[in-house]
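Read the structure below first, then the notes.
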Amino acid sequence: MYNNKPLINIIFPVLLFCSTKLAAQDTTAKSTKDSTEVNVQQKGKYAFVLYAGGGLFSYFSSVGSSSSGTGINTAIVRYHPIGTFRIMWHPDHRLRIGLESGYANFYSYELKNGNKTGTVNLAAIPVLFVWSMAITKRLNVFAGVGSYFMTTRLNYDGKVASHALSLGFNASVNYIQPVSSRFGIGAELKWTEASQTRDYGLSAQLMLEWKFLEW
Amino acid sequence: MRMIFIIAILFLFSSCKKEYQAPVPDYNNWDAFTLAAPLTLSTQSRTTMEGIYKLTNGADVFGDSVAVKWNYVITGTDTTWHLSVFSGKDIAYLICEGKRSGGDILLNGYWRKMAGVETGIVRLTVAATQGANLVTSNGSVVAGSIIIGGVFGNGQTVPAIPIVLVYNRKLYHKGPFQILAHRSGGRTSDLLPASENSVAMIRKTAEFGSTGIEIDVRLTSDGIPILYHDNTLNLRETQKSGLIGPIENYSYAQLSTFVRLIHGEKIPILREALDAVVYQTGLQFVWMDTKYSGSLQVVRDLQKEYLQKAVAAGRTLNIVIGLPTTDATDHFLALPDFGAAPNLCELSLADVDKTNAEIWAPRFTLGTQNDEVAKVHAAGKQAFVWTLDVPEFVQQYLRDGHFDGILSNYPSNIAFYYYVQQ
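The listed protein sequences correspond, in order, to chains C and L.
Residues 844 to 1058 in our numbering are what the first sequence lists, from first letter to last.
Residues 45 to 466 in our numbering are what the second sequence lists, from first letter to last.
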């Protein structure tokens, strides 16, 4: 009667399928390039690339309800800083994989109850497995699935820090302008969603790229 | 290749889950009912009207027969009576308020199928010559002597589909039997009009056929017993508030200020819940399921207080402490007066003896266990079974088992199959 199937159940197989297909096609492309050149495949360059960025997160989801009478729905502050830290392995074909973490301050609010004031802040540290692909030379798309380690900080009638885990995903696109052979700078738009707690929003970040290891 | 990747990401964004809803339709626009006078019926008259009715119209939607029963809720000094109709088809029920128009009895309300989200308005009439006079004069009823006719509709549409209920026989009743509603009335996920484990649900549960309730008791960080099922604050039970994690992390002041249940109610403290049971309902049984680890003294104190209040109010009410685990049992046995504390034990018969439980409550997956139930009865105790939701199992346990009560998320389903027995 109530369909509560996590979105992640759909996303993960799709991405897995895509990554398998992409890898297979890449191999096929190489092997058919010149069928007479057996064992003459040239290995391209491999690299580890670090992305670090920061910017502004806009919370899109709703909180509370007008009927509940708490006033949370109107007190919510939706704009907060966000930071991203991502390490990617760039092999010699299009699909790249990596890990992403960072910090997202989802929302906060202040509530008055008589002469008492309370504040609530909800933030998350994501730990996501990320796939990415270069759409053009400088335009990259990313998709990640994993967990968000959520923390509530409440200050009302005492302080409470309470934690929970939420499965989730993100999807982003960035444009990186190289400034040297190893460094680049650019901008990234990212959709962040902690699915279990239904927290989601869009962020714009300034992004630095550092190809710190290449072989 | 790129396109596949992009499509995958677009698919990711477009994926969504369907939100099901079954709002109670607004049935307060029947002019004849609005203008009608209040319906005052004696207890005898209500009992006269209750029974098993055959459907000569509307059977395709509500089944061949239904059980009809009155129930009430008290608000301040006002008592509101509802006539509930329990069907065996798709776990359907009708809930109506009554009024009098001339010699006729008008019944206005809504219907719902728990096996889906279907609902609609229902308008019924018992004409003076078709049983209303008989009901008000406490006359003796026989098959065919009361005819409840009217119309029902789908959703918010004006009802126009005919429905006719014809009195057939009395409700089955063989000794005390408890129809217990899980989480005070049913799960929030079943799209009921009040949140699970709320005072609002406690006030409504008799409309669904319940004679008693099971409620889930936890402690806040400042030691106040509250009603809440899960061990964390989550979106299944509460509106989004920014508060997450174990509910025991928060004080009652924090929860009552920031957290609301799905339908907007505050998380009730146990005292509020017991107060509602004693002074606002006719419920006969409360099963306080222990959902936390720790001393049960505060729960025991409230149990004692409200058992005394029930006696003082002239109520027939039993309030038991539910012991689902060995941990809860150990804490119960640590109470100085545990031997005098009414309790319900879900563990073995040996544990039932150890805690001096009045009731043994095994899970239904263990079967009807007639030999064990017989031993419990021989010891002067009762046996309840939980949690029976599938109609086939309900019928099987009523037919083959000897339990004294059934806990269900669908008490209307238990009510139907219990009352239609012969």
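No residue lacks a Cβ here, since even glycine has one placed at the ideal position from N, Cα and C.
Bear in mind the structure is a predicted one, so any value in this text is a computation, not a measurement.
Inset, instruction - Output yes if chain C places a C-beta closer than 9 Å to the C-beta of R156(L); else output no. - result: Cβ-Cβ to chain C under 9 Å: no for R156(L).
Inset, instruction - Could you tell me how far apart the beta carbons of Q324(L) and R227(L) are, in whole angstroms, since I believe they sit closer than 8 Å? - result: 18 Å between Cβ atoms; not a contact.
Inset, instruction - Note down the Cα distance separating S951(C) from M993(C), rounded to an integer number of angstroms. - result: If you draw a straight line from the Cα of S951(C) to the Cα of M993(C), it is about 13 Å long.
Inset, instruction - Spell out a yes or no on whether the region 912-920 of chain C and the region 1029-1036 of chain C are touching, meaning 3 or more CB-CB pairs, one atom from each, closer than 8 Å. - result: With the cut-off at 8 Å, the region 912-920 of chain C and the region 1029-1036 of chain C do not touch.
Legend entry - Nearest-angstrom Cα separation, counted from N453(L) out to S337(L): 25 Å
Legend entry - Exposure of H217(L), with buried meaning 16 or more beta-carbon neighbours within 10 Å: exposed
Inset, instruction - Go ahead and label Y889(C) buried or exposed: buried means 16 or more other beta carbons lie within 10 angstroms of its beta carbon, across all protein chains shown. - result: exposed
Legend entry - Distance between G153(L) and D70(L) (C-alpha atoms, nearest Å): Inter-residue distance for D70(L) and G153(L) is about 9 Å (C-alpha atoms, whole angstroms).
Legend entry - Whole-angstrom C-beta distance between V438(L) and N457(L), which should lie under 8 Å: 6 Å
Legend entry - Beta-carbon contacts of M976(C) that lie in its chain and below 8 Å, excluding the five residues immediately before and after: L865, R937, L938, R939, N983, V984
Legend entry - Cβ separation of L279(L) and Y64(L), assumed to be a contact under 8 Å, to the nearest whole Å: Incorrect: roughly 15 Å between the Cβ atoms, too far for contact.
Inset, instruction - List the residues of chain C whose Cβ lies closer than 8 Å to the Cβ of S285(L), in chain order. - result: V906, G907, T913, I915, V963
Inset, instruction - State the start and end residues of the unbroken beta strand (DSSP E) segment that holds R262(L). - result: 256-263
Inset, instruction - To the nearest angstrom, report how far apart A385(L) and E349(L) are at their CA atoms. - result: 12 Å
Inset, instruction - Label D433(L) either buried or exposed according to how many other C-beta atoms from any shown protein chain fall within 10 Å of its C-beta, with 16 as the threshold for buried. - result: buried
Legend entry - Rounded C-alpha distance that separates V129(L) from A250(L): If you draw a straight line from the Cα of V129(L) to the Cα of A250(L), it is about 12 Å long.
Inset, instruction - Measuring only between beta-carbons, confirm whether H923(C) sits less than 9 Å from chain L. - result: no
Legend entry - Euclidean distance between Cα positions of G926(C) and L340(L): Those two C-alpha atoms are separated by around 46 Å.
Legend entry - Inter-stretch contact (C-beta, 8 Å, three-pair minimum) for the region 140-160 of chain L and the region 348-363 of chain L: no
Legend entry - Contained beta strand (DSSP E) runs [length at least 3] in the region 166-207 of chain L, N- to C-terminal order: List check, beta strand (DSSP E) in window: 191-196.
Inset, instruction - Out of W932(C), E1057(C), E1031(C), N948(C), state which residue places its alpha-carbon closest to the alpha-carbon of S1015(C). - result: E1031(C)
Legend entry - Members of the region 433-457 of chain L near chain C, C-beta cut-off 7 Å: none
Legend entry - Buried or exposed by the 16-neighbour rule on C-beta atoms within 10 Å, applied to E436(L): By the neighbour-count rule (16 or more Cβ atoms within 10 Å), E436(L) is not buried but exposed.
Legend entry - Secondary structure of K113(L), DSSP reduced to three states: strand
Legend entry - According to DSSP, residues forming a beta bridge with F106(L): F106(L) is not bridged to any residue.
Inset, instruction - Return no unless some Cβ of chain L is closer than 9 Å to the Cβ of H1006(C). - result: yes
Legend entry - Proximity below 9 Å, CB of E1052(C) to CB of L893(C): The answer is yes: Cβ separation under 9 Å.
Legend entry - Alpha carbon of D448(L) to alpha carbon of L388(L), nearest angstrom: 13 Å
Inset, instruction - With 9 Å as the threshold, decide whether the Cβ of M993(C) is near any Cβ in chain L. - result: yes
Inset, instruction - Could you check the C-alpha separation between T232(L) and N241(L) for me, to the nearest Å? - result: Distance from the CA atom of T232(L) to the CA atom of N241(L), rounded to whole angstroms, is 9 Å.
Legend entry - Three-state secondary structure assigned by DSSP to A966(C): strand
Inset, instruction - Less than 8 Å between the CB atoms is what I'm expecting for G199(L) and G164(L), so what's the real figure, rounded? - result: 6 Å
Inset, instruction - In the DSSP assignment, find the alpha helix (DSSP H) that holds R315(L) and state where it starts and stops. - result: For R315(L), the enclosing alpha helix (DSSP H) stretches over residues 314-324.
Legend entry - Reduced DSSP secondary structure (H/G/I, E/B, other) of S909(C): helix
Legend entry - Buried or exposed by the 16-neighbour rule on C-beta atoms within 10 Å, applied to A427(L): buried
Legend entry - Opposing strand residues paired with Q341(L) [DSSP bridges]: In the DSSP assignment, Q341(L) forms no beta bridge with any residue.
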